[in-house]
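Engineer: Going down the list, the sequences are from chains A and B. Sequential numbering from 25 applies to the first sequence in my numbering. Sequential numbering from 24 applies to the second sequence in my numbering. The C-beta atom is built at its ideal place from N, Cα and C for all residues, glycine as well. Remember, it's a predicted structure, so these values are computed and weren't measured experimentally.
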Amino acid sequence: MKGTHDPIAADRRTGGAVRPVARDVSTGTPRSGAAVQLDGASLAIAGRQIWTDLSLTIARGEFLVVIGPNGAGKTSLLRVLLGLVPLVRGRALVHGEAPRRGNPAIGYIPQQRAFDPELPLRGRDLVGMGLDGHRWGISLRPGAQRTRVDGILDLVGARGYADAPIGRLSGGEQQRLRIAQALIGDPSLLLCDEPLLSLDLHSQAVVVELIARWSRERNATVIFVTHDVNPVLRAAHRILLLTGTRWGVDRPDRMLTTETLSSLYGLPVDVVRYRDRVAVLGIDVGGHDPVSHAEPGS
Amino acid sequence: MTSLWGYPFVHHAIEVGVITAVVAGAAGYFVTARNMGFAVHGLAEMGFTGAAGAVLAGIAPEVGLLAACLLAALAIGLLGVRLRERDVAIGTVLAFGLGLGVLFLVLYTRYATEAFSILFGAILAVDAQDVVRSAIVGALVLAALLLVYRPLRFASIDPEVAEARGIPVRLMSVVFLVILALAVAEAVQVVGVLLIVTLLITPAGAARRLTAHPGRAILYSMLIAAGVTVGGIAGAVYTSWPVSFFVATLSLLAYLAARLAARPART
């Protein structure tokens, strides 16, 4: 395999290889412009191997979609980049530096969680926490904070319900606020953990478009963990598939093929395309199916 | 009967009561946001053990109460690092504490009156020294809450993102338990161990029905707590029935009223 200067194609390695080589073809010379770089990165949690020898360079402005079964370490990958989990081997770099907790260049959209409907917290408070929730004391300049919160609320179209209790908003409304909360710090790297979970199709499209637009306009990098690739197919530059023992990364059209997925999963898988949608048959790609082929545990 | 208002013990009771209520009302916002009602009860009952032990050892019960609450907070904080372990940790610490308390009661036979006032409160017995101590502990609690307000709120309501933003979420929960221990030790003076939730949960529960604005919810919680405390003292002064009874009753009424007046559902 030969590296190219096209960052999007650089990590292509999925052909028929059962297991990728432990070195990223694009890392022969470190690229200072990379948003995220993983070199032979291995992760184990509580003694269990999550992924091994993961080497990957994510360019600035790239939209990377991460798929894989439950327990394959999709969320853990985000936690490594957030500096919350150390690697057991190899190296991870975020903007050329080791991951560190509280990196202000990172915006994080967590898996959706239900808020108590009586919780005394408005949508705008949730967004405001993304701006200064980590600071000591109380806000001494509430006016300035309000202006910034209003600005980002307008950007995501959530101004209309920003004063309602957070626990009484719909999933789609809460998710727009989550995006605003992640974007208010003006991040250059956005880590999204299943942001489409339990959203209707319209809300899914809105969420993807908001994130993709931010990425385009700010040249911000996006790592988007999802179990359903279809809603993000148009936005995705590359897809990273983690299956526990193997991994592969490539452009969506090359990644989502019967041959590539079968070799990565080590099981016969059929990829069926219908218009611009893709269905993967024979295996649980995402990991929210009750009859999961994935390993137990999270 | 009105002449009772002229007595210093009534003034002291109201001073201690208002300070305590303001502290409990403010802490209550976080207690309800973090679903820590059981922890409040656990801390209070450990406080009872501490007070009983102090009496047995010939020390002021307030000292034992405060020390036991703080120790219990640290024990719960360190044992129950994960949310789902927390109830088990609290339950275990609480039962152990009550077991010790029973032992102390048996060992110290003249204990009945003291035990009663710790279990049900003795606000009408406070003196000028108690006012000073309450003011100091209360100021400490409020200052600590003010200092950690934003990260504590973040960690309480949105722990995943708070952690991603670099907030030490586990440390925050131990810090809050210590703050809570001080608030509980204060509130025990007014309503006693067994009625602690009437000041630490109910006013905040009523307030959250009235507003979704966090700052206002805390303010309303403090006002409701102060109102029911002063009302309770007044009721006791006029009738000679126990203060705790009135505080608990008014607290319930405030909660019911808030539910009826509940903030309108969003449109």
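Measuring straight from C-alpha to C-alpha, what distance separates L143/A and D181/B?
Structural biologist: Your numbering for residue 143/A matches position 119 in the first sequence. Your numbering for residue 181/B matches position 158 in the second sequence. If I take the Cα positions, the gap works out to 12 angstroms.
Engineer: Using the three-state DSSP reduction, which class does F139/A fall into: helix, strand or coil?
Structural biologist: Locating residue 139/A in the first sequence gives position 115, where the first residue counts as 1. F139/A: coil per DSSP, three-state reduction.
Engineer: Could you check how far apart the C-beta atoms of W238/A and L207/A are, in whole angstroms? I think they sit under 8 angstroms.
Structural biologist: One-based indexing of the first sequence puts residue 238/A at position 214. One-based indexing of the first sequence puts residue 207/A at position 183. That belief holds up - the Cβ atoms of W238/A and L207/A are roughly 6 angstroms apart, short of 8 angstroms.
Engineer: Which ranges does the alpha helix (DSSP H) cover as unbroken runs of at least 4 residues, wholly within the segment 99-180 of chain A, from first to last along the chain?
Structural biologist: If we require 4 residues or more, the alpha helix (DSSP H) runs fully inside the segment 99-180 of chain A come out as 147-156 and 166-180.
Engineer: Using a C-beta cutoff of 8 angstroms, does R153/A count as contacting chain B?
Structural biologist: The residue given as residue 153/A occupies position 129 in the first sequence. According to the sequence as given, residue 153/A is Met; it is not Arg. M153/A counts as touching chain B.
Engineer: Note the first and the last residue of the continuous alpha helix (DSSP H) segment covering L93/B.
Structural biologist: For this step, residue 93/B is matched to residue 70 along the second sequence. Unbroken alpha helix (DSSP H) run through L93/B: P84 to L102.
Engineer: Taking the beta strand (DSSP E) that T81/A belongs to, which residues open and close that run?
Structural biologist: Numbered from 1 along the first sequence, position 57 holds the residue referred to as residue 81/A. Segment R72 to A83, the beta strand (DSSP E) holding T81/A.
Engineer: Does the Cβ-Cβ distance between Y132/A and L215/A come in under 8 angstroms?
Structural biologist: One-based indexing of the first sequence puts residue 132/A at position 108. One-based indexing of the first sequence puts residue 215/A at position 191. It is a contact, given that the beta carbons lie within the stated cut-off.
Engineer: Please state the DSSP three-state secondary structure of P211/A.
Structural biologist: Here residue 211/A is taken as the residue at index 187 of the first sequence, counted from 1. Note: P211/A maps to coil in three-state DSSP.
Engineer: Mapping the DSSP letters down to three states, classify W28/B as helix, strand or coil.
Structural biologist: Start at 1 with the first residue of the second sequence, and residue 28/B comes out as number 5. It is helical.
Engineer: For Y261/B, count the other beta carbons within 10 Å of its own beta carbon; 16 or more makes it buried, fewer makes it exposed. Which is it?
Structural biologist: Here residue 261/B refers to the residue found at position 238 of the second sequence. Flag for Y261/B reads exposed.
Engineer: Helix or strand or just coil, what does DSSP make of S66/A?
Structural biologist: Counting from 1 along the first sequence, the entry for residue 66/A is found at position 42. In the structure shown, S66/A sits in a strand (DSSP, three-state: E or B).
Engineer: Residues of chain A with CB closer than 8 angstroms to the CB of R173/B, please, in chain order.
Structural biologist: Stepping through the second sequence from its first residue, residue 173/B is reached at position 150. Going along chain A in sequence order, the residues near R173/B (Cβ under 8 angstroms) are M153, D156, G157, H158, R159, W160, G161, I162 and S163.
Engineer: Just the chain B side, please: which residues come within less than 7 angstroms of A168/A by C-beta, in chain order?
Structural biologist: Looking up residue 168/A in the first sequence gives position 144. In chain order: nothing, as chain B lies at least about 15 angstroms away.
Engineer: Quick check: the Cα distance between G51/B and P128/A, rounded to an integer number of angstroms?
Structural biologist: In the second sequence, counting from the first residue as 1, residue 51/B sits at position 28. In the first sequence, counting from the first residue as 1, residue 128/A sits at position 104. Whole-angstrom Cα-Cα distance: 31 angstroms.
Engineer: Select from the segment 186-217 of chain B all residues with a C-beta closer than 8 angstroms to any C-beta belonging to chain A, and list them in chain order.
Structural biologist: Flagged, chain order: E186, A187, R188, G189 and I190.
Engineer: Under a CB-based cut-off of 8 angstroms, is V45/B close to chain A?
Structural biologist: Residue 45/B sits at position 22 when you count from the first residue of the second sequence. Not closer than 8 angstroms to any Cβ of chain A, the Cβ of V45/B fails to qualify, so no.
Engineer: Report, in whole angstroms, the separation of the C-beta atoms of D217/A and V249/A, which I expect to be a contact under 8 angstroms.
Structural biologist: Against the first sequence, residue 217/A aligns to sequence position 193. Against the first sequence, residue 249/A aligns to sequence position 225. With a Cβ gap of about 5 angstroms, D217/A and V249/A count as contacting.
Engineer: Tell me, to the nearest whole angstrom, how far the beta carbon of A56/B is from that of S244/B; I am working on the premise that it is less than 8 angstroms.
Structural biologist: Here residue 56/B refers to the residue found at position 33 when the second sequence is read from its first residue. Here residue 244/B refers to the residue found at position 221 when the second sequence is read from its first residue. 11 angstroms between Cβ atoms; not a contact.
Engineer: Is R301/A close to chain B? Criterion is C-beta to C-beta, closer than 8 angstroms.
Structural biologist: Numbered from 1 along the first sequence, position 277 holds the residue referred to as residue 301/A. Not closer than 8 angstroms to any Cβ of chain B, the Cβ of R301/A fails to qualify, so no.
Engineer: On the DSSP bridge list, what partners appear for Q61/A?
Structural biologist: Locating residue 61/A in the first sequence gives position 37, counting from the first residue. Looking at the DSSP assignment, Q61/A forms a beta bridge with T81/A and L117/A.
Engineer: Could you give the DSSP three-state label for A303/A: helix, strand or coil?
Structural biologist: Taking the first sequence and counting its residues from 1, the one referred to as residue 303/A is at position 279. Here A303/A sits in strand by DSSP.
Engineer: Which word fits L283/B, buried or exposed, when buried means at least 16 other C-beta atoms lie within 10 angstroms of its C-beta?
Structural biologist: Translated into positions along the second sequence, residue 283/B becomes position 260. Its Cβ having fewer than 16 others within 10 Å, L283/B is exposed.
Engineer: Against L169/B, what residues of chain A qualify as contacts under a CB-to-CB distance less than 8 angstroms, listed in chain order?
Structural biologist: Position 146 of the second sequence, counted from the start, is the residue given in the question as residue 169/B. Within 8 angstroms Cβ-Cβ: G161 and I162.
Engineer: Are the beta-carbon atoms of F177/B and P265/B separated by less than 8 angstroms?
Structural biologist: On the second sequence, position 154 is the one that residue 177/B refers to. On the second sequence, position 242 is the one that residue 265/B refers to. No; because the gap between Cβ atoms is not below 8 angstroms, this pair is not in contact.
Engineer: Between the Cα of D153/B and the Cα atoms of R239/B, A80/B and T43/B, which residue gives the shortest distance?
Structural biologist: Here residue 153/B refers to the residue found at position 130 when the second sequence is read from its first residue. Checking every option, the nearest Cα to that of D153/B belongs to T43/B.
Engineer: Quick check: the Cα distance between T221/B and G215/B, rounded to an integer number of angstroms?
Structural biologist: Here residue 221/B is taken as the residue at index 198 of the second sequence, counted from 1. Here residue 215/B is taken as the residue at index 192 of the second sequence, counted from 1. The alpha-carbon atoms of T221/B and G215/B are separated by roughly 10 angstroms.
Engineer: Using only CA atoms, which one of A68/A, D174/A, T171/A and L257/A lies nearest to R299/A?
Structural biologist: Residue 299/A sits at position 275 when you count from the first residue of the first sequence. Cα-wise, what sits closest to R299/A is L257/A.
Engineer: Give the residues of chain A in contact with R231/B, contact being defined as C-beta atoms less than 8 angstroms apart.
Structural biologist: Residue 231/B sits at position 208 when you count from the first residue of the second sequence. By Cβ distance, chain A contributes E142, L143 and P144.
Engineer: D77/A touches chain B at which residues, Cβ-Cβ below 8 angstroms?
Structural biologist: For the purposes of this step, residue 77/A is identified with residue 53 of the first sequence, where counting begins at 1. The premise fails here: D77/A is roughly 26 angstroms from chain B at the closest Cβ pair, so nothing lies under 8 angstroms.
Engineer: Quick one: what does DSSP say G48/B is sitting in, helix, strand or coil?
Structural biologist: The residue you call residue 48/B lines up with position 25 of the second sequence. Three-state result, G48/B: helix.
Engineer: I think A58/A touches A116/A, with their Cβ atoms under 8 angstroms apart; what is that distance to the nearest whole Å?
Structural biologist: Numbered from its first residue, the first sequence carries residue 58/A at position 34. Numbered from its first residue, the first sequence carries residue 116/A at position 92. Not quite, the Cβ-Cβ distance comes to about 11 angstroms (not below 8 angstroms), so this is no contact.
Engineer: Relative to the alpha-carbon of R146/A, which residue among A244/A, V112/A and A186/A has its alpha-carbon at the smallest distance?
Structural biologist: Position 122 of the first sequence, counted from the start, is the residue given in the question as residue 146/A. Residue A186/A is the option with its Cα nearest to R146/A.
Engineer: Secondary structure at R275/A, three-state DSSP: helix, strand or coil?
Structural biologist: Residue 275/A sits at position 251 when you count from the first residue of the first sequence. R275/A falls in the coil class under three-state DSSP.
Engineer: Would you mind giving the Cβ-Cβ distance between I99/B and A112/B, rounded to the nearest angstrom? I have them listed as a contact below 8 angstroms.
Structural biologist: On the second sequence, residue 99/B is found 76 positions in, with the first residue counted as 1. On the second sequence, residue 112/B is found 89 positions in, with the first residue counted as 1. I99/B to A112/B, Cβ: 5 angstroms. Contact.
Engineer: What residues from chain A crowd round D110/B, counting only those whose CB sits closer than 7 angstroms?
Structural biologist: Numbered from its first residue, the second sequence carries residue 110/B at position 87. What D110/B touches in chain A: nothing, since even the nearest Cβ is about 17 angstroms away.
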